[in-house]
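J.: So the sequences go chain by chain: F and Z.
Going by my numbering, the residue at position 300 of the first sequence is 300; the numbering climbs one at a time, nothing skipped.
Going by my numbering, the residue at position 265 of the second sequence is 568; the numbering climbs one at a time, nothing skipped.
Ideal Cβ positions, reconstructed from N, Cα and C, are used throughout, including at glycine.
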Amino acid sequence: MNSTTFKPKRRKQYYTALLFMVPWIIGFLVFIGYPLVYSFWLSFTDFRLFRDPNFIGLRNYVNMFTVDSSFRDAVSVTLRYVFISVPFQLFFALLLALLLNRKIVGITIFRAIFYIPSLLGGSVAIAMLWRLVFGAEGLFNQVLLTLGVQAVEGLSWYSDPNVNLWTLIALRVWQFGSPMIIFLAALKQIPESLYESARIDGAGAVAQFRKITVPFLTPIILFNAVMQLNSAFQTFSPAFIISNGTGGRLNSLLFYTLHLYRVGFVESRMGYASGLAWLLVVTIGTVSFFVFWSSNRWVYYNE
Amino acid sequence: MKKLLIVSMIVVLSAPLFAAGQQESSTSDGTVELRFGWWGNAPRHEKHDMIATLFEEDNPGVTIVREPASWGDYWTKLATQSAAGNQPDLITMHLNESERYAANGVLADLEPFVDQGIIDLSQWSQGAIDTGRDFGVLTRLSEGENSASIWVNLGMVEEYGLDTPDYEMTWEEWQDYFIENQAKLPDGVWMTKDNSYTYVDMAMGAWLRQRVGALFHNESDTGLSFTPEILTEWHEYWEELRVAGAVMPAAVFAEYDGAPREQNPVVTEQYVVEWMSSNQIVLTQDLMESELQLHRMPTMPDGVNKHGEWTSGAYLSVSADSDYQEAAASFANFFVNDWDAQDIFNAEHGRPGNNMVAERLAERSSPLQQAFFQLTADVLDTAPVRTSLSQYNSQIVTALETVGEEIAYDVLPIDEAVAKFFRESRTIFE
């Protein structure tokens, strides 16, 4: 078969494939590509809803760092939230995965039970429920008061600006289910023979964990860390519900995405909001990059 | 055969893309479909639904598509829809939002429908009609007017032996009243709340209209209407009340902010005096044993204006893009003028624009509802019409709330917070 008879057929196949991709390509261009490019352009304008955008250069980005003190609050709240909640969440997920990896009767039931919080998740209903549980007169305080912790009297865990971020951190850590399942699957992949030979060589439980379990889990820790970092940076609904969309007193729950929402949809400043969104994209990208970059030093690929 | 398969698969796969564009096409059998958007909670949704059903029964061939939403979602949704030209035929409007929609041609001019007799305003006072104008054009029909007001819990007044305030008192008289009577209250009960950082748009808005004769912005919307000295004055007023212990501390109030009506501190009797929109009083009264009394916002006899509050409410507008403007106008007319519709609506948003309807509702209402109608009429008579809202209004109010919180929580002293506000607000008008 020479090339002149071969080519048209290849080309035909190529077009057919392209034809099949058309719906997706159109969807991507219309719903993702175009808004993405347009919002990047808008971030250099003073666009407000209903008003034509004017190009203002980098002024939105400059204002973020020079005059917008709510932006500083939002960055501080979000960074604290992300870098406290994600390590705790991964720690709990791993701990529970280790516990649930035992061969006990009825273990599947326990696994299902521990996964329930993640099914309920950060949904609106749960955030509403947490308002009731962590209010000044809420269940949590009543339990603490019966235990004799008088200091919490009248303390509202979701409205007091000194503690309410911690309540949201707890809400996130509580959703350890999906990283837990992934850890559990990874634990099952570690060959039992490694543990057996380690035991024969006299390695204790701690040594087995440090020398076998952790190295084998590092790729999964990396995966979970990146996924959870990404979603933690973009957390919106719990803060929106618990603070009634305000960001809390003294901006104590003004998550970055909530600030973005308020600037865009409450204040109609879409140009500035686009700038905030792009800064978030760049930040998440940078953090993910550094995590991947550092992974050369600590992730063990069993290859 | 193969070709046919490929083409049909593409059609099937692409169908969802094109379906989105189809929803606006009119039904082919000559019936009219009107989309009707409003905000509210479940009981209010039910009222709107019943009124729509009533209209559908009277007008076979007209179907009303209900598009209810909560207050916050409603405006997000409407802004997005309007930007795309896909807003409902019937739009529920609010005074704080109407101008930007009117300025962008989203709202139809209703005057032609009044001329044609589709909308009947013969029973309306000129004041009630004029609240529905944006830039002089009739774009809205009032569904009911209300205003900022002060409520006093008379049960608590009696229980603790407090003085009864007058219907109208000056800012100083209210301040004295709060401070003097706080001494009679036990721990954990306060005279009122701290409006320096909450209810800012209404309380400080009214105060500014008295103090400088304008809302937050200057006439040309190029800057603020007030100076650092005036903002300091406002915060010092509330500082005196905080020092005297007469207002619920910020940390305690945070718990009730945004809480449902039945947990409002004036209902749970944690403070005596509430500041809130007058139309809320009837529903709130239903939740409590103690009697509530309605008062005007504080007066300022030596100010630019003696009274600062203004009436506003919900309004019905017709989309300028609607294919069925006439049918929409006819529904709007039915909504605000028909007794059966108003009987159901029952002054949900305040005193109706139609005087006959208002009188008929007043006849059968409680004394409190009558007091509310009276107060609304008084505000319409004595307070200046609210001038247009700054396009930066929500940004200014948010910034004022933020520095207000920092003062109330003792994070910043007044002078530093005021300086910070003026430093940051300079970019607002850029």
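Where does serine 85 of chain F sit, in a helix, a strand or coil, going by DSSP?
T.: Of the three classes helix, strand and coil, the one that applies to serine 85 of chain F here is helix, per DSSP.
J.: Using three-state DSSP, classify alanine 205 of chain F as helix, strand or coil.
T.: Helix, per DSSP.
J.: So is alanine 185 of chain F buried or exposed if we call it buried at 16+ other beta carbons inside 10 Å?
T.: Result: exposed.
J.: Enumerate in chain order the residues of its own chain whose CB-to-CB distance from isoleucine 241 of chain F is below 7 Å, with the five nearest sequence positions on each side excluded.
T.: For isoleucine 241 of chain F, where only same-chain residues beyond five positions count, the Cβ hits under 7 Å are Val124, Ala127 and Met128.
J.: From this set, Z:Lys496, Z:Asp361 and Z:Gly516, which residue's C-alpha is nearest tyrosine 540 of chain Z's C-alpha?
T.: Closest option to tyrosine 540 of chain Z, Cα to Cα, is Z:Lys496.
J.: Can you give me the start and stop residues for the alpha helix (DSSP H) that isoleucine 107 of chain F sits inside?
T.: First-last of the alpha helix (DSSP H) with isoleucine 107 of chain F: 107-120.
J.: If we cut at 8 Å on Cβ distances, does alanine 136 of chain F have a partner in chain Z?
T.: Judged by the 8 Å Cβ criterion, alanine 136 of chain F is in contact with chain Z.
J.: Using a Cβ-Cβ cutoff of 7 Å, what residues of the segment 705-721 of chain Z are near chain F? List them in chain order.
T.: The residues in question are Thr705, Glu708, Glu709, Tyr712 and Val714.
J.: What is the residue span of the alpha helix (DSSP H) that proline 35 of chain F lies within?
T.: Looking at the DSSP string, the run of the alpha helix (DSSP H) that includes proline 35 of chain F is 34-42.
J.: Is there at least one Cβ from chain Z nearer than 8 Å to aspartate 160 of chain F's Cβ?
T.: For aspartate 160 of chain F, the answer is yes, since a Cβ of chain Z falls inside 8 Å of its Cβ.
J.: Which whole runs of the alpha helix (DSSP H) in the segment 453-515 of chain Z are 4 residues long or more, in chain order?
T.: DSSP runs (the alpha helix (DSSP H)) wholly in the segment 453-515 of chain Z: 457-463, 474-485 and 503-514.
J.: Is the Cβ-Cβ distance between glutamine 426 of chain Z and methionine 659 of chain Z less than 8 Å?
T.: Yes. Within cutoff.
J.: Measuring only the C-alpha atoms, how far is leucine 692 of chain Z from serine 528 of chain Z?
T.: Distance between the alpha carbons of leucine 692 of chain Z and serine 528 of chain Z: 12 Å.
J.: By how many angstroms is the C-alpha of threonine 66 of chain F removed from the C-alpha of arginine 347 of chain Z?
T.: If you take the alpha carbons of arginine 347 of chain Z and threonine 66 of chain F, they lie about 44 Å apart.
J.: Could you give the first and the last residue of the continuous alpha helix (DSSP H) run that contains tyrosine 261 of chain F?
T.: That run of the alpha helix (DSSP H) goes 256-261.
J.: Does DSSP put aspartate 437 of chain Z in a helix, a strand or coil?
T.: Aspartate 437 of chain Z: strand per DSSP, three-state reduction.
J.: For glutamate 558 of chain Z, would you say it is in contact with chain F, using Cβ-to-Cβ distances shorter than 8 Å as the test?
T.: Yes, contact with chain F.
J.: Under 8 Å, Cβ to Cβ, is there at least one residue of chain F near leucine 316 of chain Z?
T.: Low confidence applies here, because leucine 316 of chain Z scores a pLDDT of 47, under 50, leaving its location unreliable and the question unanswered by this model.
J.: What number of angstroms, rounded off, separates the C-alpha of alanine 239 of chain F from the C-alpha of alanine 170 of chain F?
T.: Distance between the alpha carbons of alanine 239 of chain F and alanine 170 of chain F is about 13 Å.
J.: With a threshold of 8 Å on Cβ separation, who are the neighbours of glutamate 737 of chain Z within its own chain once the five nearest residues in sequence on each side are excluded?
T.: This structure cannot speak to residue 737 of chain Z, because chain Z is shown only from 304 to 733.
J.: To which residues of the same chain is valine 152 of chain F closer than 6 Å at the C-beta, ignoring the five residues directly before and after it?
T.: These residues qualify, in order along the chain: Asn141 and Leu144.
J.: Alanine 386 of chain Z touches chain F at which residues, Cβ-Cβ below 8 Å?
T.: Going along chain F in sequence order, the residues near alanine 386 of chain Z (Cβ under 8 Å) are Leu49 and Phe50.
J.: Applying a beta-carbon distance threshold of less than 8 Å, which residues of chain Z neighbour asparagine 63 of chain F?
T.: Under the 8 Å cutoff, chain Z gives Thr730.
J.: Verify whether the separation of the beta carbon atoms of histidine 652 of chain Z and asparagine 449 of chain Z is less than 8 Å.
T.: Yes, the Cβ-Cβ distance between histidine 652 of chain Z and asparagine 449 of chain Z is below 8 Å.
J.: Would you list, in chain order, the members of the segment 403-426 of chain Z that have their beta-carbon closer than 9 Å to a beta-carbon of chain F?
T.: Listed by position, the residues of the segment 403-426 of chain Z near chain F (Cβ gap below 9 Å) are Arg403, Tyr404, Ala406, Asn407 and Val409.
J.: Are the beta-carbon atoms of threonine 705 of chain Z and asparagine 251 of chain F separated by less than 8 Å?
T.: Result yes, Cβ atoms of threonine 705 of chain Z and asparagine 251 of chain F sit closer than 8 Å.
J.: Report the rounded CA-to-CA distance for phenylalanine 265 of chain F versus asparagine 582 of chain Z, giving the unit in angstroms.
T.: So the two alpha carbons sit approximately 27 Å from each other.
J.: Along chain F, which residues have their Cβ under 7 Å away from the Cβ of glycine 375 of chain Z?
T.: The contacting residues are Gly245.
J.: What residues in its chain sit with their C-beta under 6 Å from that of alanine 674 of chain Z, if we drop five residues either side in the sequence?
T.: If we look at alanine 674 of chain Z and ignore the five residues flanking it on each side, its Cβ neighbours are Leu597.
J.: Could you give the C-beta distance for glutamine 628 of chain Z and alanine 355 of chain Z, rounded to a whole number, given that I count them as a contact under 8 Å?
T.: That belief does not hold up - the Cβ atoms of glutamine 628 of chain Z and alanine 355 of chain Z are roughly 18 Å apart, past 8 Å.
J.: What number of angstroms, rounded off, separates the C-alpha of alanine 623 of chain Z from the C-alpha of alanine 372 of chain Z?
T.: Taking the straight line from one Cα to the other gives about 21 Å.
J.: Label phenylalanine 676 of chain Z either buried or exposed according to how many other C-beta atoms from any shown protein chain fall within 10 Å of its C-beta, with 16 as the threshold for buried.
T.: That one is buried.
J.: Considering Cα atoms alone, identify which of F:Thr257, F:Arg249 and F:Leu229 is closest to serine 85 of chain F.
T.: Out of F:Thr257, F:Arg249 and F:Leu229, F:Leu229 has the C-alpha closest to the C-alpha of serine 85 of chain F.
J.: Alpha carbons only, please: which of F:Asp201, F:Leu276, F:Lys211 and F:Arg210 is nearest the one belonging to glutamine 234 of chain F?
T.: Checked all of F:Asp201, F:Leu276, F:Lys211 and F:Arg210; the closest Cα to glutamine 234 of chain F is F:Leu276.
J.: Rounded to a whole number of angstroms, what is the C-alpha to C-alpha distance between leucine 678 of chain Z and valine 492 of chain Z?
T.: Their backbone Cα atoms lie some 28 Å apart in a straight line.
J.: Exposed or buried, what is proline 655 of chain Z when buried is set at 16 or more other beta-carbons lying within 10 Å of its beta-carbon?
T.: With 16 or more Cβ atoms within 10 Å of its Cβ, proline 655 of chain Z is classed as buried.
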